[in-house]
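Colleague: Under the working numbering, the first residue of the sequence shown carries the number 8, and numbering increases by one thereafter. Positions of the beta carbon are idealized from the N, C-alpha and C atoms, including for glycine.
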Amino acid sequence: MNQSVRQYRVISSTAPQCAAQAGATTRACLSDLLRLMDADAETGPASDSCPVLMRPLRAGTALFHEHGQIDAIHFVSMGSFKIYRTAEDGYEQVLGFARRGEVLGYDAVCLGQHPTAAVALEDARVFAISVRELFALLQRVPALDRLLHLAVSRQLTRAAEIADLMAAVAAEVRLARFLVLQSEQMKACGQSPVRLLLRMGRRDIASHLGVAHETVSRSFSVLADWGWLHVNNREVEILDLAQLKTFARSTRRSIDDIGVRAKASSAPAELLPRSNARELSWVAGRQGFGFDGAVTSGGICIDHPRPGATATKHSHAA
8 MNQSVRQYRV
18 ISSTAPQCAA
28 QAGATTRACL
38 SDLLRLMDAD
48 AETGPASDSC
58 PVLMRPLRAG
68 TALFHEHGQI
78 DAIHFVSMGS
88 FKIYRTAEDG
98 YEQVLGFARR
108 GEVLGYDAVC
118 LGQHPTAAVA
128 LEDARVFAIS
138 VRELFALLQR
148 VPALDRLLHL
158 AVSRQLTRAA
168 EIADLMAAVA
178 AEVRLARFLV
188 LQSEQMKACG
198 QSPVRLLLRM
208 GRRDIASHLG
218 VAHETVSRSF
228 SVLADWGWLH
238 VNNREVEILD
248 LAQLKTFARS
258 TRRSIDDIGV
268 RAKASSAPAE
278 LLPRSNAREL
288 SWVAGRQGFG
298 FDGAVTSGGI
308 CIDHPRPGAT
318 ATKHSHAA
């Protein structure tokens, strides 16, 4: 196992070690982890006397590697991670993303090695609990046992959400579902559900959605043109969450069948006849906007000529 992971084993001690410094890591106690999981009332002498180590990671640093031996499970204290698996041809299939309060590496306990890899998308910190001492610790502090069950239950729920996301036919619908999920997670964390800062790049989003990264860029542009989003690189403001949720419920229909278009004004989107929807799909497919490109204060503006006419793109300085 990688030595950088092995060194974060829980150190046995009977004295509280909350927030004491230990070189490149921060020694904390189990009470700190319980507070992270909103279980302040369940802290006490037992959790105070159980030291754990908090591991800092820079953006782009691997927390653990695919097929690596498991040494510890981790609870995200700060930052976010992407979880992925590498195919034989080298393609990275992004399976999900984890943020504050979520557990990483627990799926490796039954295998003895990690079936996936996890990499920090930004500067991050995690609590590390040694697998060797995990089960004894769960018996010693029942509150941790309960919180671990809740964390794993949330992961199972998240897996079902990902399966639901992948069931959509249209790439625009997949992206809409992804953004709705991000919105709900931000709201659960006490943050704005309509102002999102996406820590993952468009290639990671594309891998997660099972589409090409160019398709993700085009889908962002289409949703922005419909008046539901304002996109500024990785900053996404949801302008009409209700319409985005309604659109996200379209599962088996293609974008032509859905037939959605935003009015030129800020009025809510309306459904169009199938013929007009097909025209809109043609126009959207002609646009070459990039998710990381320049964005205007009012989003991306597109003239919508009929097929055969010249499409004009308008952009404004940020």
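Going by CA-CA distance only, name the one from 64, 45 and 147 that's closest to residue 128.
Modeller: 64
Colleague: Return yes when the Cβ of residue 54 is within less than 8 angstroms of the Cβ of residue 126, no when it is not.
Modeller: No, these two residues do not count as a Cβ contact at 8 angstroms.
Colleague: Looking only at DSSP bridge pairs, what is residue 63 linked to?
Modeller: 132
Colleague: Ends of the alpha helix (DSSP H) at residue 140?
Modeller: Where residue 140 is concerned, the enclosing alpha helix (DSSP H) stretches over 138 to 147.
Colleague: What residue range is occupied by the uninterrupted alpha helix (DSSP H) comprising residue 190?
Modeller: 178 to 195
Colleague: Check whether the segment 76 to 84 touches the segment 132 to 139, taking contact to mean three or more Cβ pairs, one atom from each stretch, closer than 8 angstroms.
Modeller: yes
Colleague: Taking all protein chains shown into account, do 16 or more other C-beta atoms lie within 10 angstroms of the C-beta of residue 156, making it buried, or fewer, making it exposed?
Modeller: exposed
Colleague: From residue 123 to residue 235, what does the alpha carbon distance come to, in whole angstroms?
Modeller: 35 angstroms
Colleague: Please return the same chain residues whose Cβ sits closer than 6 angstroms to the Cβ of residue 132, not counting the five positions on each side in sequence.
Modeller: Correct list, in chain order: 61, 63, 84 and 85.
Colleague: What does a CB cutoff of less than 8 angstroms around residue 112 pick up in its chain, not counting 5 residues either side in sequence?
Modeller: 70, 71, 77, 79, 80, 81, 121 and 125
Colleague: Please state whether DSSP places residue 50 in a helix, a strand or coil.
Modeller: coil
Colleague: Use the C-beta contact count for residue 223: other C-beta atoms within 10 angstroms, 16 or more gives buried, fewer gives exposed.
Modeller: buried
Colleague: Comparing C-alpha positions only, which one of 251, 190, 206 and 237 sits nearest to residue 66?
Modeller: 206
Colleague: Which residues in the same chain have their Cβ closer than 7 angstroms to the Cβ of residue 165, if we skip the five residues on either side of it in sequence?
Modeller: 103
Colleague: Spell out a yes or no on whether the segment 188 to 195 and the segment 210 to 228 are touching, meaning 3 or more CB-CB pairs, one atom from each, closer than 8 angstroms.
Modeller: In short, these stretches do not touch, since the Cβ pair count stays below three.
Colleague: Could you tell me the boundaries of the alpha helix (DSSP H) in which residue 100 lies?
Modeller: Boundaries for residue 100: no alpha helix (DSSP H) harbours it, while the beta strand (DSSP E) harbouring it runs 99 to 105, taken from the DSSP string.
Colleague: DSSP has residue 36 in a bridge; who is on the other side?
Modeller: 58
Colleague: In terms of alpha-carbon separation, which member of 108, 179, 43 and 89 lies closest to residue 233?
Modeller: 179
Colleague: For residue 110, count neighbouring C-beta atoms within 10 Å of its own C-beta (all shown protein chains included) and say buried if the count is 16 or more, exposed if not.
Modeller: buried
Colleague: Whose C-alpha, out of 161, 216 and 194, is nearest the C-alpha of residue 173?
Modeller: 216
Colleague: Locate the alpha helix (DSSP H) running through residue 222, then write down its first and last residues.
Modeller: 220 to 232
Colleague: Have a look at residue 167 and residue 214 and give me their C-alpha separation to the nearest angstrom.
Modeller: 17 angstroms
Colleague: Look at the alpha carbon of residue 40 and the alpha carbon of residue 153, and state the distance between them as a whole number of angstroms.
Modeller: 13 angstroms
Colleague: Residue 46: which of 158, 194 and 181 sits nearest, CA to CA?
Modeller: Here the closest residue by C-alpha is 158.
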